[in-house]
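First the structure, in the form of structure tokens, and then the observations on it.
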Amino acid sequence: MKKDKYTKGFTLLELLIVIVIIGLLSAIIMGALNSARANSRDSKDITELKSVVNALNLYFSTNGYYPAMATSLVPTYIPVMPSNIYYTGLSGSGGQCASYHVGVSLEKNNVVLNTDRDLLSTTAGLVGTGYTNLCGNTNGLNASSIRGDDAQSCKGTVVEPAGGKCFDLVP
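If you read the sequence shown in the working numbering, its first letter stands for residue 11, the second for the next number, and so on.
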């Protein structure tokens, strides 16, 4: 087919090729962006967990024991309690909290998972330590058992967040 020398523009095939290239580039960029977002959320969660640990240490310095519920830290020791932190107060004889087990579920593998405790706290206490009882009210914020292994989220499910890894700490 002979082209008119005054006809300008792109053919349908050229436009389709450009659209496909733009679509592929967008998919690659979105994949990298989602990974960066997950890393950012994990960093925020780790920072929040460490601020809760600092607040717990301040509480202990003031009172001589840890709180039965993490919500007792607000507002004196921490302005707002993060909603995704799991906390269990522990005692050796059923009295005041002499220790704690705290954790947060991460979305991705992270180097901090190599430095956490990987313990399991149950209604019978913290497995592998001398703390045999939960202390106080365990109906508080994300209270009761924490599954500290890195294979699942802190509540022992793969639902929250999907494929989560539990970063857990004890004093």
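Beta carbons are placed, not taken as given, at the ideal position from N, Cα and C, and that holds for glycine.
Best match in Thr72, Asn44 and Lys175 for proximity to Arg127 [C-alpha to C-alpha] = Residue mapping note: residue 127 aligns to position 117 of the sequence shown, counting from 1. Nearest C-alpha to Arg127: Lys175.
Is it buried or exposed for Ala153, if we count other Cβ within 10 angstroms and need 16 for buried?
-> By one-based count along the sequence shown, residue 153 stands at place 143. Reliability of the predicted coordinates at Ala153 is poor, the pLDDT of 44 falling under 50, and the value obtained from them is presented with this limitation in mind. Residue burial is scored here from C-beta neighbours: Ala153 has at least 16 other C-beta atoms within 10 angstroms and is therefore classed as buried.
### Close beta carbons around Asp52, own chain, < 7 angstroms, minus the five adjacent residues each side
Position 42 of the sequence shown, counting from 1, holds the residue named residue 52. For Asp52, where only same-chain residues beyond five positions count, the Cβ hits under 7 angstroms are Leu116, Glu117, Lys118 and Asn120.
For the beta strand (DSSP E) that Leu123 lies in, which residues bound it at each end? Residue 123 sits at position 113 when you count from the first residue of the sequence shown. Segment: none, Leu123 is in no beta strand (DSSP E) and carries neither H nor E.
Opposing strand residues paired with Ser61 [DSSP bridges]
In the sequence shown, residue 61 corresponds to position 51, counting from 1. Paired residues: none, contrary to the question.
Which word fits Met79, buried or exposed, when buried means at least 16 other C-beta atoms lie within 10 angstroms of its C-beta?
-> Looking up residue 79 in the sequence shown gives position 69. Burial call: buried.
Excluding the 5 residues flanking Val62 on each side, which residues of the same chain have their C-beta closer than 8 angstroms to its C-beta? To locate residue 62, count along the sequence shown from 1; it is residue 52. The residues are Ala80, Leu83, Ile88, Met91, Pro92, Ile95, Tyr97 and Val112.
- [ ] Specify the secondary structure class of Val114 as computed by DSSP and reduced to three states.
- [x] Translated into the one-based positions of the sequence shown, residue 114 becomes position 104. The answer is strand: DSSP assigns Val114 an E or B state.
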